[in-house]
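These notes concern the structure reproduced below.
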Amino acid sequence: MGRVAARRARAGALRAGTNSSAASCRRWLEFAGIPVLVVRGFSSQSYADVVRDRVNREYCGARLAVVGDSDCSGEDIERDWVERTGCWSSVTWVLLTYEQTREYGLPTTERKRDDSRGPAFARHVTE
Numbered sequence: 003m004g005r006v007a008a009r010r011a012r013a014g015a016l017r018a019g020t021n022s023s024a025a026s027c028r029r030w031l032e033f034a035g036i037p038v039l040v041v042r043g044f045s046s047q048s049y050a051d052v053v054r055d056r057v058n059r060e061y062c063g064a065r066l067a068v069v070g071d072s073d074c075s076g077e078d079i080e081r082d083w084v085e086r087t088g089c090w091s092s093v094t095w096v097l098l099t100y101e102q103t104r105e106y107g108l109p110t111t112e113r114k115r116d117d118s119r120g121p122a123f124a125r126h127v128t129e
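This is how it looks when you write it as structure tokens:
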């Protein structure tokens, strides 16, 4: 298997929610040639289309690793991104998961009172 084919077969990407987390991730992953995508909030459909087209053109079985907020907005943003790009063979939350928040005693913030997704998220993470 040639280098290009091998790279395409093991392709992956990491989605980060902020420029600072993306910069850190790029430094950690550049040696492996893993692209880091910055998706702040709900991204535009044109950006989702560009990512989907590139992944479909250049990678086979691309996997997505996620670095994002463990809250109702972060979960919904990720659901929307995966649905609209529709090109990932698997999606794995790397950071920050609810379990990591609990295990390491990380501080949490109060949910936004006007976020209608809050009650369903609270039920979801306590099940």
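Be aware that the sequence shown starts at 3, since it is given in this note's numbering, and climbs by one per residue.
All residues carry an ideal CB built from backbone N, CA and C; glycine is no exception.
Because the structure is a prediction, the values reported are computed rather than measured.
key: Rounded separation between R55 and Y100 - CA only   = Going by the sequence as given, residue 55 is Asp instead of Arg. Computed Cα separation, rounded: 32 Å.
task = Can you grab the Cα-Cα spacing for the pair R102 / V96, in whole Å?
result = According to the sequence as given, residue 102 is Gln; it is not Arg. Using only the alpha carbons, I get a separation of about 10 Å.
message = Given 7 Å as the limit, tell me if R56 has its C-beta closer than that to any heavy atom belonging to the ligand HEM.
response = The ligand HEM is not part of the structure shown, which contains no ligands of any sort.
query = What are the start and end residues of the alpha helix (DSSP H) that includes V52?
reply = 47-60
ask   = In whole angstroms, what separates the C-alpha of E80 from that of F44?
value = 8 Å
query = Should L108 go down as buried or exposed, given a rule of 16 or more other Cβ atoms within 10 Å for buried?
reply = exposed
query = Tell me which same chain residues have a C-beta within less than 7 Å of the C-beta of G88, skipping the five on either side of it?
reply = R54
query = Based on Cα-Cα distance, which residue from E77, N21, R86 lies nearest to T94?
reply = E77
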